[in-house]
Amino acid sequence: MSKSNGPKLTPMLTQYLDIKSQHPGSLLLFRMGDFYETFFEDAKVLSEVAGVTLTSRDARSDHPVPLAGVPYHSIDTYLTRLLRAGITVAICEQVEDPAQAKGLVKRAVVEVISPGTATAPELVDSASGHFCLAWVPGKNELDGWALLDASTGEFRCGQEQATLESLCQRHAVREVIVRESTDSATIRTWQSAMPHMVISLANDAWFHPAFARQTILDHFEVANLTAFGLEDSDRTPAATAAGAVLRYLGSLILKKPAQVTSLRFASRADRLVLDEETLRNLEIFRTFRGETGEGSLIHHIDETLTAMGRRLLEQRLAEALTNLDQINLWHSGIDSALQDRPWRENLRSILRKIGDLERLAARAASGRIGPSALRQVGFSLTALHSLQVAAPEKEHQRHPIVGWLSEVADFEELSEIILQRISEDAPATVRKPGFIADGVHPELDQCRAISNDSKSFLAGLQKQERERTGISTLKVGFNRVFGYYFEVTKKHLDKVPDNFEQKQTLVNACRFHTPELKQAETTILEAEEKADGLETEIFQELITLITNQLGSIHVACQQIAKVDLLLGFAESAEKNQYCRPDCNDSLELSIKAGRHPVVEQLLDHDFIANDTLCDGTDHQVLVLTGPNMGGKSTYLRQVALITLMAQAGGFVPAQSASIGIADRIFTRVGASDNLARGESTFYMEMSETANILHQMSRRSLVILDEIGRGTSTYDGLSLAWAITEFLNNPAGPRPRSVFATHYHQLTELENELPGLVNLRLEVKEWEGKIIFLHSVGPGRSDKSYGIHVARLAGLPETVLQRAQDILSSLSVVDQRDLPALRPADRELPINPVIPNAGQLSLFREAERDALDALHDLDLEKISPMDAFMWLAKIKKQMDD
Ligand code: ADP
């Protein structure tokens, strides 16, 4: 038999590879003593992403193994970097005491953390949800979706026709899970549309409707899905998505996700859902440049004080209300909160003390909470109790806030227990003892007393031995290996008495034991060990207490979120002078002196308020014209935003507003405004417009900004024209529509189409300059003032002059060649010729004069001979 001389794996690497093969999609952090190590590809990734030095094992051999490791106590820092980079991490621990292990210490993966299921506070943005989305595209049925936030336990599902992108845009999704059999081309398409999204593949079986259903039944320990509104077979897509994401989370944390205590079916009918494009166009969460903060609607209207309230606001803006009773309840709640400022301010001052209870409680339930954070839970629950006491004050007994808080359980006792048991200066982690307060447990107090007594005994012993030996530098020390010792520097070794037993030799000193020291050490260590055990036990009891009440804490958090949002709406209404809208079931949108909630805050001059009347009948389609920079986009968006804010339950930037509830708000912006997105913009523009035209209903609000301008003038005009007719078609849904366009020809439709009304942005011309008045009035704008705007933008005067010349020529040609457009029953010319700038530059002055002369020629009054003479003259002029 020949002996193999090839490279051999050590038992440890064999164990590593074995475990790694069970987690091929994750970066495996392999615990070895005080380090987490990574090998092979994982080591390279860790080094690149987290900046850890890459070394190698057996560096001098022919087959070195790449290696990178991080100290176990700073694991959180590295986890954060890995998860932020979209990497899923499997944590493999030593699952037996190395001292007891026979041979190789046993290791096992104890938890897998994916970017979308992370819970640690440094990984999840408190102002926003942190969702993992399961997506079940329907074949003959609706698409199912489920959103699970592992950091809060928030869990909801639904079904509708929506693209994956739009769901991700609408909710704060960090990770998507889909069936592993999803074809790779589809995944590539999603990935390129959403480069920062983590798309994970999950076992197909988890998406099997029966399996998914069983997952939910097992988790909630129920016999059917009725309680969640999912028992009906036509809710299968939603239930399937919910089961799949729940199973996914369970498979990662390798235990039941205790923080998930409820599941809600979100019905499409009672929500005003904004699609992805509309969220972007209205800059609800991000500006056009993709930035959060200033310029986004949420930034300018958010006055919430708790993370829960802020997350509810986020949800409300993506999915506002459509139920009139609910909307009116919110509006009247804000109204009365505004009447009583001291009451409101008192409640808000209490809200400030409520931390992110939802996330803290979820962390407690998943066993990932430290003592100081647990104390925060206690403070939050105490503040909640104060809120419950303060809200029903005076005449507010019937206020919606009081109703909401009455659904919250009483946590006074729980909060007292927590605050009484956790010490005031509790550390962040249980690794440091002393987090349980004195006086909680007699035995713990006793152990502490013993340990303290022994420590003062040690101090006395040190003093005594110094005196006895005459070694003034003799000192008592401690280390984990040798326990307590006396340390004597080499200089004084000759003075060491006989009963000192040498234990350790250092360069400059020696360390000794004595029987008395040994005795004190045993007493101290035993007492400390006992105390540690007791502290952990008491801490665990508290965790169990919280976990047992987690369901009611979740309910409490939902109610706190509503209280906070309502008072936040009141606050922003007062600060920004918003009015209470009158929401009703008419189709009328009537706004007096409306403003754009974001633009008005960013301007360094006054915002000009404007009225709007749009209804399903006489003012059904508003066609808005005006020069660039006149304020068209601002006006369009302000109409949409006022409607949205009202239906989100808040007040609106206007003097008064009557709002017939909208079921959808659609907005599309013409291609050239969207160039930043770098897509084939005209195609996108048309496909999105097609989507609106298919989905809109009588109750929808459709906002179109310069649709059609992504193609040649004639194409664009024809499309804009046909779309306007379609919106206005008496046989169609006739949604309320506002259309800004630079195709002035469209304004002609006012005479032809009932319900179409022209509006224009007013401007004044003064000494060749243009003044934007930003006020919207009836009528059409006759000029586009492009050259005036270009002058404002600083184009050189020579360019402007030349443009003016070209414009004059164009106007001549325009008047003759561009056919007057007519409604659909009269056909547009086939292959119309419109001069473009290139052709125009060919017209010399003489040619233009010739054209002008031809234009003025009256053929009725000229003889054939004179006509010949005239032609000859013109020809000569041109040849010159
Ligand atoms: P358009 O879409 O017609 O090109 P915008 O709506 O983009 O014009 O508005 C251009 C600028 O005019 C805005 O950035 C803002 O500074 C200002 N503006 C718009 N509407 C108003 C208004 N109602 N009051 C004051 N300034 C306005």
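Note that the sequence shown covers residues 39 to 918 in the working numbering.
Note that the Cβ used here is the ideal one computed from N, Cα and C, for glycine as well.
What you are looking at is a predicted structure, and each value in this text was computed from that prediction instead of being measured.
Taking the Cα positions, Leu55 is about 10 Å away from Pro49.
The beta strand (DSSP E) runs of length 3 or more contained entirely in the region 350-412 are, from start to end of the chain, 357-359. The C-beta distance from Val162 to Ser189 rounds to 5 Å, short enough to fall under 8 Å.
Taking a C-beta distance under 8 Å as the contact criterion, Lys493 and Phe520 do not qualify as a contact pair. In this chain, the beta strand (DSSP E) harbouring Lys807 covers 807-816. With 16 or more neighbouring CB atoms inside 10 Å of its own CB, Ser152 falls in the buried class.
In the structure shown, the three-state DSSP call for Phe577 is helix. Bounds of the beta strand (DSSP E) holding Leu310 are 309-311.
For Ile215, the number of other beta carbons within 10 angstroms of its own is at least 16, and it is reported as buried. Looking at the DSSP output, Phe777 sits in a beta bridge with Val661, Leu742.
Proximity of the beta carbon of Phe704 to the ligand ADP is not indicated: no heavy atom of the ligand is located closer than 7 Å.
For Ile809, the CB contacts under 8 Å within the same chain, skipping 5 residues up- and downstream, are Val801, Lys802, Glu803 in chain order. Residue range 648-652 is occupied by the beta strand (DSSP E) that includes Cys652.
Leu205: member of the alpha helix (DSSP H) spanning 202-208, first to last residue. His812 has its Cβ nearer than 7 Å to a heavy atom of the ligand ADP.
Annotation: Phe645 to Thr360 spans about 30 Å, alpha carbon to alpha carbon. Counting only residues of its own chain and dropping the five nearest sequence neighbours on each side, Ala888 has a CB closer than 6 Å to the CB of Ile912, Met916. Lys630 has its CB no nearer than 7 Å to any heavy atom of the ligand ADP. In this structure, DSSP gives Glu198 an extended state, which the three-state scheme calls strand. For Ala223, the secondary structure class from DSSP, reduced to helix, strand or coil, is helix. Relative to the ligand ADP, Thr672 has its C-beta within less than 7 Å of a heavy atom. Around the C-beta of Leu909, fewer than 16 other C-beta atoms lie within 10 Å, and the residue is accordingly described as exposed. For Asn319, the CB stays at least 7 Å from every heavy atom of the ligand ADP.
Excluding sequence positions up to five before and after Thr527, its CB lies within less than 7 Å of the CB of Thr511, Asn546, Ala547, all in the same chain and listed in chain order. The closest heavy atom of the ligand ADP lies less than 7 Å from the beta carbon of Asn648.
Segment contact: the region 765-779 against the region 732-745, three or more CB-CB distances shorter than 8 Å; contact assigned. Per the coordinates, the alpha-carbon of Leu255 lies some 10 Å from the alpha-carbon of Ala248.
Here the alpha carbons of His257 and Lys294 stand approximately 7 Å from one another. In its chain, beyond the 5 residues on either side, Ala172, Trp244, Phe245, Ala250 have a beta carbon closer than 6 Å to the beta carbon of Ala282. As the crow flies, the alpha-carbon of Ile703 is around 42 Å from that of Ile407. For Ser238, the uninterrupted beta strand (DSSP E) run begins and ends at 236-240, by DSSP. Per DSSP, the unbroken beta strand (DSSP E) holding Lys630 starts and ends at 627-632. Listed in chain order, the non-local C-beta contacts of Leu640 below 8 Å within the same chain comprise Glu332, Gly333, local neighbours out to five positions each way being set aside. Contact between the region 491-510 and the region 436-450 is absent, with fewer than three C-beta pairs closer than 8 Å. With a cut-off of 8 Å on Cβ pairs, the region 309-325 is not in contact with the region 339-350, counting fewer than three such pairs. Note that the C-beta distance between Gly824 and Arg798 is not below 8 Å.
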